[in-house]
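**Student:**
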């Protein structure tokens with residue numbers, strides 16, 4: 001439902017790997033994908049693929065290797081907790097073919113949260129870091145995430161993932177951020193599609209998407225214009241409003257959210 | 001964070017492929033994954049993997065071919081609308097190496113919704129069906145989904161996807177549905193992990209998961225027991241409550257949702 005992206009020589013891409021049986025069973029709604037997608041878009045990193053897999057070492061390792069070869073960065077969430085079924089760290093070490101052990105700087109970070117007595121063998125599993133990784137600080141609960149080459153390993157608990165994003169994103173390369181303009185059109189996508197295709201042809205440097213919705217037993221279409229140049233976006237938006245007037249559509253600015 | 005699944009000779013597996021740039025840009029929160037995950041779990045189909053990709057024909061075709069070889073069923077959502085950028089149907093035809101054309105029975109279904117005048121070339125794109133596919137009825141807006149071998153192609157608009165699920169699931173093979181019992185434990189996952197591992201060893205036919213949460217500046221853990229036999233689940237649940245009493249944890253039944 002999205003028109004061709006304008007080419008961008010500065011594109012920095014990413015994939016997200018969500019690790020967790022609880023998402024696949026429907027027990028937990030994954031809120032991390034939407035958060036990370038919006039965050040990366042805002043800073044100029046283009047999220048191109050998401051995968052959700054269970055807590056199975058070989059599955060995780062295979063997905064990491066497929067994704068890290070393809071995208072500038074791979075973010076992972078989940079599976080770095082204290083139970084023996086949190087296998088993400090072993091999967092990362094396997095994917096890179098490196099060793100993994102408890103690391104002193106990770107234990108030091110955890111001492112800010114835990115007494116010596118609380119540093120049980122289960123919790124010390126959270127200080128196991130693959131060889132060569134750089135730690136990602138976690139101000140919430142101290143057990144760190146880490147970055148190994150272009151793979152960024154974060155917790156699955158949303159509040160902890162969020163502080164890890166704040167910590168790691170300043171270290172990353174970014175492209176030009178995309179801005180967006182949204183118009184809600186009270187007409188079916190099938191009626192919006194032909195004039196929108198013509199508008200797209202006139203503005204090849206602006207990405208135009210149409211997203212149908214169904215509310216109160218009626219169909220409508222959100223039209224979203226995206227691009228890295230605000231002036232060009234606003235020019236396309238002005239032409240979109242002209243099209244809406246010509247077609248006689250009812251419409252309003254914004255996505256209502 | 002989930003212990004090993006009990007082996008189930010009747011396991012029917014699935015993957016979900018979500019197609020849509022709007023999810024990757026963070027504009028739209030994907031609600032379909034949670035709905036489909038819970039639905040499949042309820043009917044006895046085990047969702048093992050989810051992927052989200054953009055509306056790019058080769059990406060979709062490659063993902064479909066990777067997933068359909070691995071799982072009993074592959075569900076897709078999105079990219080079957082009226083615009084020329086809805087490329088899912090062409091991607092499915094390419095993945096299977098079959099032709100694709102406007103099909104009379106699909107057009108007939110659409111006549112229930114559209115007048116002849118409304119059946120524009122854009123809308124007739126929605127009647128293009130890959131050769132050999134069986135239609136999936138859509139009572140909401142009539143443009144059909146379809147099933148080709150083990151791949152089930154559905155709309156991305158949630159209300160339409162939902163009626164397509166109701167329509168197609170009765171045609172599918174199912175395993176024994178999993179039931180679940182959830183206990184909220186007001187203790188950190190690092191403290192819950194050791195006794196839970198012992199409990200898991202005593203109940204190998206029940207899948208035990210621990211899911212940490214962070215609320216009001218405190219950590220807690222949801223313990224979820226899942227299995228296909230209610231009596232064995234209840235036996236494991238009784239033993240879990242004994243463990244909680246022995247450890248002196250505060251806890252309550254249910255997941256609070």
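Chains as they are written, first to last, in my numbering: chain A, 1 to 257; chain B, 1 to 257. From the three backbone atoms N, C-alpha and C, an ideal C-beta is built for every residue, glycine too. In this text the structure is predicted, and so the values were computed from the model without any measurement.
So, under 8 Å CB-CB, residue 12 of chain B and residue 173 of chain B are touching, yes? Tell me the CB distance rounded to an integer number of Å.
**Tutor:** Confirmed, about 5 Å.
**Student:** Against chain B, does residue 50 of chain A count as a neighbour if the rule is that its beta carbon must be under 8 Å from one of theirs?
**Tutor:** Yes, because at least one Cβ of chain B sits closer than 8 Å to the Cβ of residue 50 of chain A.
**Student:** Considering only residues of the same chain and omitting the five flanking positions on each side of residue 188 of chain B, which have a CB-CB separation below 8 Å?
**Tutor:** Excluding residues within five positions, the ones whose Cβ falls inside 8 Å are 212, 219, 220, 221.
**Student:** Hey, is residue 145 of chain A's beta-carbon within less than 8 Å of any beta-carbon in chain B?
**Tutor:** No, residue 145 of chain A lies away from the interface with chain B (no Cβ there is under 8 Å from its Cβ).
**Student:** Measuring only between beta-carbons, confirm whether residue 203 of chain B sits less than 8 Å from chain A.
**Tutor:** No, residue 203 of chain B lies away from the interface with chain A (no Cβ there is under 8 Å from its Cβ).
**Student:** Rounding to the nearest angstrom, what Cα-Cα distance links residue 111 of chain B and residue 127 of chain B in this structure?
**Tutor:** Computed Cα separation, rounded: 11 Å.
**Student:** With 9 Å as the limit, tell me which residues of the stretch 20 to 38 of chain A have their beta carbon closer than that to any beta carbon of chain B; keep them in chain order.
**Tutor:** For the stretch 20 to 38 of chain A, which is checked against every Cβ of chain B, the residues closer than 9 Å are 20, 21, 22, 23, 24, 25, 26, 27, 28, 29, 30, 31, 33, 34, 35, 36, 37, 38.
**Student:** Any beta-carbon of chain A closer than 8 Å to the one on residue 123 of chain B?
**Tutor:** It does: the Cβ of residue 123 of chain B has a partner Cβ on chain A nearer than 8 Å.
**Student:** Closer than 7 Å by C-beta to residue 9 of chain B: which residues in its own chain qualify, once you throw out the five before and the five after it? Chain order, please.
**Tutor:** Here residue 9 of chain B scores only 46 on pLDDT, less than 50, and its place in the model should not be relied on; the value that follows carries that caveat. Counting only Cβ-Cβ distances below 7 Å, and skipping sequence neighbours, we find nothing.
**Student:** With 7 Å as the limit, tell me which residues of the stretch 108 to 119 of chain A have their beta carbon closer than that to any beta carbon of chain B; keep them in chain order.
**Tutor:** Under the 7 Å Cβ criterion, the stretch 108 to 119 of chain A contributes no residue.
**Student:** Could you check how far apart the C-beta atoms of residue 43 of chain A and residue 169 of chain A are, in whole angstroms? I think they sit under 8 Å.
**Tutor:** That belief holds up - the Cβ atoms of residue 43 of chain A and residue 169 of chain A are roughly 6 Å apart, short of 8 Å.
**Student:** Compute the distance between the beta-carbons of residue 83 of chain A and residue 210 of chain B, then report whether it is under 8 Å.
**Tutor:** Closer than 8 Å, so yes.
**Student:** Indicate the three-state DSSP secondary structure (helix, strand or coil) for residue 57 of chain A in the structure shown.
**Tutor:** Looking at residue 57 of chain A - three-state DSSP - the assignment turns out to be helix.
**Student:** Using only alpha-carbon positions, find the residue among A:234, A:23, A:125 that is nearest to residue 181 of chain A.
**Tutor:** The candidate whose alpha carbon is nearest that of residue 181 of chain A is A:234.
**Student:** What residue range does the alpha helix (DSSP H) around residue 200 of chain B cover?
**Tutor:** 189 to 202 is the span of the alpha helix (DSSP H), which, as asked, contains residue 200 of chain B.
**Student:** If you measure from the beta carbon of residue 13 of chain A to each beta carbon in chain B, is any gap under 8 Å?
**Tutor:** Taking Cβ atoms only, chain B never reaches closer than 8 Å to residue 13 of chain A, which makes this a no.
**Student:** Can you tell which of A:224, A:229, A:105 has its C-alpha closest to the C-alpha of residue 241 of chain A?
**Tutor:** Measuring from the Cα of residue 241 of chain A, the nearest candidate turns out to be A:224.
**Student:** Hey, could you find the ends of the alpha helix (DSSP H) residue 178 of chain B is sitting in?
**Tutor:** Residue 178 of chain B -> no alpha helix (DSSP H), and no H or E assigned at all.
**Student:** I believe residue 150 of chain A touches residue 39 of chain A by the beta-carbon criterion, under 8 Å. Please report the beta-carbon distance rounded to the nearest angstrom.
**Tutor:** Contact doesn't hold; Cβ gap of about 17 Å is too wide.
**Student:** Does DSSP put residue 96 of chain A in a helix, a strand or coil?
**Tutor:** Here residue 96 of chain A sits in helix by DSSP.
**Student:** What residues of chain A sit near residue 220 of chain B, judged by a beta carbon separation below 9 Å?
**Tutor:** Simply none; closest approach about 11 Å.
**Student:** Taking residue 211 of chain B as part of the beta strand (DSSP E), name the residues at either end of that continuous run.
**Tutor:** That run of the beta strand (DSSP E) goes 207 to 215.
**Student:** Excluding the 5 residues preceding and the 5 following residue 23 of chain A in the sequence, name in chain order all residues of the same chain whose CB lies nearer than 7 Å to its CB.
**Tutor:** Only 30, 52 meet the Cβ criterion.
**Student:** Would residue 82 of chain B count as contacting chain A if we go by Cβ distances under 8 Å?
**Tutor:** Judged by the 8 Å Cβ criterion, residue 82 of chain B is in contact with chain A.
**Student:** Quick check: what's the CA-CA separation for residue 108 of chain B versus residue 89 of chain A?
**Tutor:** Taking the straight line joining both Cα atoms gives about 54 Å.
**Student:** For a cutoff of 8 Å on Cβ pairs, would you count residue 211 of chain B as touching chain A?
**Tutor:** Closer than 8 Å to some Cβ of chain A, the Cβ of residue 211 of chain B qualifies, so yes.
**Student:** Mapping the DSSP letters down to three states, classify residue 103 of chain B as helix, strand or coil.
**Tutor:** If DSSP states are grouped into helix, strand and coil, residue 103 of chain B belongs with coil.
**Student:** Output yes or no for whether 8 Å exceeds the beta carbon distance between residue 47 of chain B and residue 17 of chain B.
**Tutor:** Going by C-beta atoms, residue 47 of chain B is not nearer than 8 Å to residue 17 of chain B.
**Student:** List the whole-angstrom C-beta distance separating residue 239 of chain B from residue 199 of chain B, where the pair is believed to meet the contact cut-off of C-beta under 8 Å.
**Tutor:** Confirmed, Cβ separation roughly 6 Å.
**Student:** For a test of your reading of the model: does the CB of residue 76 of chain A fall under 7 Å from any non-hydrogen atom of the ligand PLP? Yes or no.
**Tutor:** Only the bare structure without any ligand can be found here, which leaves the ligand PLP out of the picture.
**Student:** On a CA-only basis, which of A:119, A:122, A:103, A:118 is nearest residue 131 of chain A? Give me that one, please.
**Tutor:** Of the candidates A:119, A:122, A:103, A:118, the one whose C-alpha sits nearest the C-alpha of residue 131 of chain A is A:103.
**Student:** When the cut-off is 8 Å and only beta carbons count, does residue 239 of chain A lie next to chain B?
**Tutor:** No, residue 239 of chain A lies away from the interface with chain B (no Cβ there is under 8 Å from its Cβ).
**Student:** From the beta carbon of residue 249 of chain B, is the nearest beta carbon of chain A less than 8 Å away?
**Tutor:** No, no contact with chain A.
**Student:** Determine whether the Cβ of residue 225 of chain B lies closer than 8 Å to any Cβ atom of chain A.
**Tutor:** With 8 Å as the cut-off, residue 225 of chain B does not count as an interface residue toward chain A.
**Student:** Within the 8 Å Cβ cut-off, does residue 214 of chain B reach chain A?
**Tutor:** Interface residue, yes.
**Student:** Under DSSP, the beta strand (DSSP E) around residue 24 of chain B begins and ends at which residues?
**Tutor:** It is not in any beta strand (DSSP E) - residue 24 of chain B instead sits in the alpha helix (DSSP H) that spans 21 to 24.
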